[in-house]
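Report on one structure; see the data block that follows.
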Amino acid sequence: MKLDWNDIPLLLALAENGNMSQTARLLGLDVSTVSRRVAAAERALGLRVFIREPGGYKPTDAGRVFVSHAEAIYDRVQTMLLDTRAEAEGMTGPVRLTAVDVLFSHWLAPRLPALLQEHPGLQMQLIAGNHDVSFARREADLAVRLARPSQDASLRMRKVGELGFAVYGMRRRVPLAREQWPEQPWLAYGEELARLPEMQWLQRLGPKRLVRVSSVATMVHACESGVGLALLPCVVGDRIGGLMRLDPTPVLYRDLWLLSHRDAGQVARFRYVAAWLAQLFAADAAALRGDG
81 MKLDWNDIPL LLALAENGNM SQTARLLGLD VSTVSRRVAA AERALGLRVF IREPGGYKPT
141 DAGRVFVSHA EAIYDRVQTM LLDTRAEAEG MTGPVRLTAV DVLFSHWLAP RLPALLQEHP
201 GLQMQLIAGN HDVSFARREA DLAVRLARPS QDASLRMRKV GELGFAVYGM RRRVPLAREQ
261 WPEQPWLAYG EELARLPEMQ WLQRLGPKRL VRVSSVATMV HACESGVGLA LLPCVVGDRI
321 GGLMRLDPTP VLYRDLWLLS HRDAGQVARF RYVAAWLAQL FAADAAALRG DG
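Heads up, the final residue of the sequence shown is numbered 372 in my numbering, and it's a clean run with no missing numbers.
Right, here's the structure in full:
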């Protein structure tokens, strides 16, 4: 029995996230199909690639060796495909862009029509999220992230700006002095996101009451309704008529990074969209920082 080449990206995805259901969603398969193909691949290899632990699926020692070589092979294949398709594809075809949802909904979406009108052959795919993606497996072609990733020779990374965060409250309320902030109820993400710089700032402030939310959208609506104060990106808070800054100066900045596969520049549409994004970030630098 020979290993099916099509099972390699499946094994790599499972090794990366350790979750059968998440792997199935990522690849557009059902869980039973993923489980069956993993079992078939292990039979073909004649070894156990994964062990199931309480925290998810973990590669065995042999599995880690397999994953290391498979990733290197897929990276080379991706480079080959990019090289051979670059001339033929031009400005027609899909471009997978991933970013945090707040940038899509409050900043990028209004700017997309002009790009698509100029290049109707582009098929933009917007993937909201902040999780790690594999450029080699084309899970994304370009990514905007709020932190510099660890050094990776396969990545091209460029700082394109800063995202400012300010404190917002319901507009109809009397403005509060900074020394009064800790006495107010605050909206915060769940404890699983405690490492976010926004949540670390809030922890240092030391508010006495927290209302936990699971998304920026919920935080905005709750803040607008007077549930509590919120630390929001200025590109979000400044657009909401029912909110006002409690202090005109942002209290926190996070770096914006544009990432791609190191060979993505050889594909015209990837190169063009990356340059377009960089120009947008430069033109809107003040608004993104919350200075304008």
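Using N, Cα and C, we set each Cβ at its ideal position, and we do this for glycine too.
| Ranges of the alpha helix (DSSP H) found wholly within the region 231 to 311, counting only runs of at least 4 | 277 to 285, 296 to 304
| said: Just to confirm the assignment: which complete beta strand (DSSP E) runs, minimum length 3, are found wholly within the region 130 to 173? | reply: Look at the region 130 to 173 and you find these whole runs of beta strand (DSSP E), each 3 residues long or longer: 130 to 133, 136 to 139.
| field | Cβ contact (3+ pairs, closer than 8 Å) linking the region 154 to 162 and the region 323 to 338 | value | The region 154 to 162 makes no contact with the region 323 to 338, as fewer than three CB pairs between them are under 8 Å.
| Ends of the beta strand (DSSP E) at Trp-337? | Translated into the one-based positions of the sequence shown, residue 337 becomes position 257. Residues 332 to 341.
| task | Just confirm the distance between the C-beta atoms of Gly-317 and Tyr-248, as a whole number of angstroms; I'd bet it's less than 8 Å. | result | Residue mapping note: residue 317 aligns to position 237 of the sequence shown, counting from 1. Residue mapping note: residue 248 aligns to position 168 of the sequence shown, counting from 1. Right, the Cβ-Cβ distance comes to about 4 Å (below 8 Å), so this counts as a contact.
| query | According to the neighbour-count rule (16 or more other Cβ atoms, all chains shown, within 10 Å of its Cβ), is Glu-167 buried or exposed? | reply | Here residue 167 corresponds to residue number 87 of the sequence shown, with the count starting at 1. Low local confidence applies: a pLDDT of 49 at Glu-167 is under 50, so the model's placement there is unreliable, and no value is given.
| Can you round the beta-carbon distance between Gly-143 and Gly-98 to whole angstroms, since I take them to be within the 8 Å contact cut? | Within the sequence shown, numbered from 1, the residue matching residue 143 stands at position 63. Within the sequence shown, numbered from 1, the residue matching residue 98 stands at position 18. Actually they are not in contact, since the Cβ atoms of Gly-143 and Gly-98 sit about 12 Å apart, beyond 8 Å.
| Grouping DSSP H, G and I as helix and E and B as strand, with all else coil, what is Leu-360? | Counted from its first residue, the sequence shown places residue 360 at position 280. Reduced to three states, the DSSP call for Leu-360 is helix.
| field | Per-residue burial, Leu-357 [other beta carbons within 10 Å of its own, 16 or more giving buried] | value | Here the question's residue 357 lines up with position 277 in the sequence shown. Looking at its Cβ environment, which holds 16 or more other Cβ atoms inside 10 Å, Leu-357 is buried.
| request: Starting from Gln-205, follow the beta strand (DSSP E) in both directions and report where the run begins and ends. | output: The residue labelled residue 205 in the question sits at position 125 within the sequence shown. Start and end: 202 to 208.
| query | Helix, strand or coil for Ala-223 per DSSP? | reply | The count along the sequence shown starts at 1 and reaches residue 223 at position 143. Strand at Ala-223.
| field | Given Leu-276 as reference, the closest of Leu-311, Pro-262, Gln-260, Asp-364 once Cα atoms are compared | value | In the sequence shown, counting from the first residue as 1, residue 276 sits at position 196. Here the closest residue by C-alpha is Leu-311.
| said: I need the straight-line Cα distance from Val-182 to Glu-198, nearest angstrom please. | reply: Working through the sequence shown from its first residue, we reach residue 182 at position 102. Working through the sequence shown from its first residue, we reach residue 198 at position 118. Between Val-182 and Glu-198, the C-alpha separation is close to 25 Å.
| query | Quick one, are the C-beta atoms of Leu-92 and Val-147 less than 8 Å apart? | reply | Here residue 92 is taken as the residue at index 12 of the sequence shown, counted from 1. Here residue 147 is taken as the residue at index 67 of the sequence shown, counted from 1. Yes, these two residues count as a Cβ contact at 8 Å.
| said: Is the beta carbon of Arg-217 closer than 8 Å to that of Pro-89? | reply: Looking up residue 89 in the sequence shown gives position 9. Looking up residue 217 in the sequence shown gives position 137. Yes. Within cutoff.
| Quick one: Cα of Glu-96 to Cα of Glu-242, how far? | In the sequence shown, the residue the question calls residue 96 occupies position 16. In the sequence shown, the residue the question calls residue 242 occupies position 162. The straight-line gap from Cα to Cα measures roughly 29 Å.
| said: Considering Cα atoms alone, identify which of Pro-139, Ala-274, Asp-343, Ala-302 is closest to Leu-162. | reply: Position 82 of the sequence shown, counting from 1, holds the residue named residue 162. That would be Asp-343, whose Cα lies nearest to the Cα of Leu-162.
| Which same chain residues, not among the five before or five after Leu-282, have their C-beta less than 7 Å away from its C-beta? | As a first step, residue 282 is located in the sequence shown; it is residue number 202 there, counting from the start. The answer, listed in chain order, is Trp-266, Ala-268, Leu-311.
| said: Whole angstroms are fine: how far does the CA of Gln-346 sit from the CA of Phe-361? | reply: Within the sequence shown, the letter at position 281 stands for residue 361. Within the sequence shown, the letter at position 266 stands for residue 346. Rounded to whole angstroms, Phe-361 to Gln-346 spans 22 Å at the Cα level.
| request: Rounded to whole angstroms, what's the CA-CA distance from Ala-227 to Ala-104? Just pull it up for me. | output: Here the question's residue 227 lines up with position 147 in the sequence shown. Here the question's residue 104 lines up with position 24 in the sequence shown. Going by the C-alpha atoms only, they are around 27 Å apart.
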